[in-house]
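Peer 1:
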Amino acid sequence: MKFDKALKKKLLKKLKSYLNAEAEQLQHEDEGLSKVLKKLKKKEGHLKELIAAEKDAEEREILEQELNIVHSQRKKGIGLLSEIRKKNDAE
Amino acid sequence: MRNTLRKIILPSILLVLAYGFWVSPDFKEISAGVAIFLFGMLALEEGFKAFTGGVLEKILKKTTNRLWKSVSFGIVSTTIMQSSSLVSVITISFLGAGLIGLAQGIGIIFGANLGTTTGAWLVAGFGLKVKISAYAMPMLVFGVIMIFQKSRHLKGLGYILAGLGFLFLGIHHMKEGFETFKSAIDLAEYAVAGYPGLFLFTLIGIFATVVMQSSHATLVLIITALAAQQISYENALALAIGANVGTTITAILGALSSNEVGKRLAGAHLIFNVTTGLIAIAFIHQLLVAVDVISAYVGIGETDYTLKLAVFHTLFNLIGIAVMIPFTNHLVRFLERLIKSEPDRYAQPKYLNESALEFGDAGLEALRMETNRVYAKATDIIAKGLSLEKEEILSDTKLKKVIQVHTKAVAYDIDDVYEHEIKSLCSAILDYTNKLSSAEPGIARKISRIRVANQSILSALKDVKHLQKNMLQYIGSDNPHISGEYNRLRQRIAKVIRRLENIRLKGSDSTSILSLDALKLTLEKNMALLHERMNELIRDGNISPDMAISLMNDSNYTYSIIHNLIQINRNYLKSEEGVETEAEHMIALNNDEIDSVLADNNDNAEQQ
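Chains as they are written, first to last, in the working numbering: chain Y, 544 to 634; chain W, 617 to 1224.
(1) Determine, using beta carbons only, whether residue 1138/W comes closer than 7 Å to chain Y.
(2) Does DSSP put residue 982/W in a helix, a strand or coil?
(3) If you check the beta carbons only, do residue 733/W and residue 885/W fall under 7 Å apart?
(4) Go ahead and label residue 1121/W buried or exposed: buried means 16 or more other beta carbons lie within 10 angstroms of its beta carbon, across all protein chains shown.
(5) Any beta carbon from chain W within less than 7 Å of residue 623/Y's own beta carbon?
(6) Counting pairs of Cβ atoms below 8 Å between the region 1130-1140 of chain W and the region 1032-1052 of chain W, do you hit three or more?
(7) Any contact between the region 720-738 of chain W and the region 764-773 of chain W? By contact I mean 3 or more CB pairs, one from each, below 8 Å.
(8) Where does residue 700/W land, buried or exposed, given buried means 16+ other C-beta within 10 angstroms?
(9) Relative to chain W, which residues along the region 595-619 of chain Y have a C-beta separation below 7 Å, given in chain order?
(10) My output table needs one value for residue 1092/W: the three-state DSSP class, helix, strand or coil.
(11) Use the C-beta contact count for residue 737/W: other C-beta atoms within 10 angstroms, 16 or more gives buried, fewer gives exposed.
(12) Under 7 Å between the Cβ atoms of residue 1180/W and residue 1076/W?
(13) Taking residue 936/W and residue 891/W to be in contact with their CB atoms under 8 Å, please state how far apart those CB atoms are, rounded to whole angstroms.
(14) Would you tell me roughly how many angstroms separate the C-alpha atoms of residue 570/Y and residue 1201/W, rounded to the nearest one?
(15) Near residue 831/W, which residues of its chain fall below 7 Å by C-beta distance, leaving aside the five closest residues on each side in sequence?
(16) If the cut is a Cβ gap below 7 Å, which residues of chain Y does residue 1217/W touch?
(17) Closest to residue 968/W by C-alpha separation, out of 931/W, 1052/W, 652/W, would be which residue?
(18) Comparing C-alpha positions only, which one of 1191/W, 756/W, 1003/W, 1178/W sits nearest to residue 1134/W?
(19) Below 9 Å between beta carbons is the criterion; list the residues of the region 1196-1218 of chain W that meet it against any residue of chain Y, in chain order.
(20) Exposed or buried, residue 689/W, counting other C-beta atoms within 10 Å across all chains shown (16 or more means buried)?
(21) Listing by chain order, which chain W residues have their CB less than 9 Å from the CB of residue 572/Y?
(22) Report the three-state DSSP secondary structure of residue 544/Y (helix, strand or coil).
(23) Tell me which same chain residues have a C-beta within less than 6 Å of the C-beta of residue 1111/W, skipping the five on either side of it?
(24) Within the continuous alpha helix (DSSP H) that includes residue 567/Y, where are the two ends?
(25) Can you find at least 3 beta carbon pairs, one from the region 641-650 of chain W and one from the region 782-797 of chain W, that sit closer than 8 Å?
(26) Between the region 1139-1158 of chain W and the region 1077-1094 of chain W, can you find at least three pairs of beta-carbon atoms closer than 8 Å?
(27) So, do the region 680-696 of chain W and the region 917-925 of chain W have three or more beta carbon pairs nearer to each other than 8 Å?
(28) Any chance you could list the beta strand (DSSP E) runs of at least 3 consecutive residues sitting entirely within the region 1084-1154 of chain W, in chain order?
(29) For residue 1037/W, collect the residues of the same chain with a Cβ closer than 6 Å to its Cβ; drop the 5 residues on either side in sequence, then sort them by chain order.
(30) Taking residue 783/W and residue 657/W to be in contact with their CB atoms under 8 Å, please state how far apart those CB atoms are, rounded to whole angstroms.
(31) Under 7 Å, CB to CB, which of the residues in the region 1147-1160 of chain W have a partner in chain Y?
(32) Comparing the C-beta of residue 582/Y with each C-beta of chain W, is any distance below 7 Å?
(33) Put residue 910/W into one of helix, strand or coil per three-state DSSP.
(34) Only counting the same chain, and skipping five residues up and downstream in sequence, which positions put a Cβ closer than 7 Å to that of residue 1127/W?
(35) Straight-line CA distance for residue 662/W to residue 1070/W?
(36) Could you confirm whether any beta carbon from chain W is found closer than 7 Å to the beta carbon of residue 554/Y?
Right, here's the structure in full:
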């Protein structure tokens, strides 16, 4: 009797994790994206500081290119994050 | 020197033999018997080779973890195959692959020495007593039919049967030859008694074995000659000792072209056989008494000298093993000191160990570390290929200055360095990825990235090799336009190496994978600028059409080198563990997105 109960519990847990697999994956992606976006925001600020301090035109141009890239990446990341959150809300 | 000796020795032997055949038909028959016997041994080896690559290796792996097991393996395998040289070859291949240690290898060689004495028993006990040519004929017929079959194992069996058939036929001819030879010349008249005879016939035994490259054949020859009473029993014993020593010459000759492992094994073989031979010579009288006692005990007739020779052969090899086994570890240390490993001409993997293969994560880490090592070597080669120094590229000095200092082209053989430093490592990495490929899907994906990273390393080096050709010619050119352009190409590659190094140094704390997008943007932008400038240079006649074509090709190589450098790092970084790695992978810009950032950049520049 005790065994049956334990088995049932185990099976239910498996079923739950199976049904929640997608939600878990979304949660996982949400976490990862949030962390990276935070880092990118910090990087953006840092690059702006570097550009302001850089005197060499060529170096400044490279930094500006990098800033543009970071900006685009953040934009893309925010878009992806909002999509994931929408999906999460829908479930 | 060796070649000259070979050139002299071979024709001399052929001439002596030809003269011998002309003078004596019996000598011809004996020689033909030896030739057929040796051919049989070759066929036998060929046959057993068909069965290696499976059973034999499996047995060898399982039965050589202890010294006594190695010795037993040597005895049994040589008894079955009747060829100590085949067993030696397999042992060397296993030693070379690191599957067994030198001590185990030596154990097998000791055992093979004892195993090979069973040949004397077979010939003396069976070959001479029965008309073995009667068995030889059907064996040859069945053997040859089987050789023509498609199945590898049937073919192998065919070679074994044919080999045995030839062995028997060879023995038959030697026996016949000696019997008729006896009526013409009695070689026994030339018998030398006492120690001079012992030394003389030992030397003859060594010589005969070196010429025939088989102690087995020498021994059969001795036994058949002894059976025909063409040599005295004492001299036959000396010949057998000589054959035992002579067989090591074959092993030494074989080991000359082998690596240090093979040389050490041949060294052990030589030490064992010479020691055994010396013991046999020193204690010949005691051994003779022992042979008589043993023969009487097992029921061998007092005048049955051929079987007594077999007893002697086994006994002195057995004594050799008993004497040498306690010194095996000393022998190993001595040989390792004497024959040192040559410094590797080719770079060897540092992290790819077999034990890590059992754990997917550890194996992946080993692959990453090794790839990192190859990348470090590759960037060094790229720097030198551009007539620059990597240390300076990675320093804080402005790259323009670094380039200005190195305007002189320095010849650097990329092919040679690639062959010695990169190729062996990359192939070891690819081999390791194949062995690891059965891991779980997540790891398999990362392994595949490592593989792609290594392929990109190879492509980058190939491109540098092409780029180097014109670059060496133009960087110091009197035409400032062409030298300026080529120096700009050098600077670009150097800049990317420096930026990549900075990204790598920041490690997992930063958004490394995403930082590579900025490099891609710079690459595309610079490429567009170069094309514009090149058109201008051609239009204004500042560079010749030949220079323009070279520059066009080389700018493509530069693009490819930078692209590959970025790809190496992208795949390397992506093979890292982590939630953020996946997120970075999602955010990383694709080619269209980078193009659109580039277009925005250009619009902004125009507006300004």
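Virtual Cβ for every residue (Gly too), placed ideally from N, Cα, C. Because the structure is a prediction, the values reported are computed rather than measured.
Peer 2: On the basis of the data shown:
(1) yes
(2) helix
(3) no
(4) exposed
(5) yes
(6) no
(7) no
(8) buried
(9) 605, 608, 609, 611, 612, 615, 616, 619
(10) coil
(11) buried
(12) yes
(13) 6 Å
(14) 16 Å
(15) 732, 825, 859, 860, 862, 863
(16) 608, 611
(17) 1052/W
(18) 1178/W
(19) 1196, 1197, 1198, 1199, 1200, 1202, 1203, 1204, 1205, 1209, 1210, 1212, 1213, 1214, 1216, 1217
(20) buried
(21) 1195, 1198, 1199, 1202
(22) Summary for residue 544/Y: the model assigns pLDDT 49, below 50, so the residue's position carries little reliability, and this model does not support an answer.
(23) 1015
(24) 564-596
(25) yes
(26) no
(27) no
(28) none
(29) 963, 993
(30) 7 Å
(31) none
(32) yes
(33) helix
(34) 1200
(35) 39 Å
(36) no
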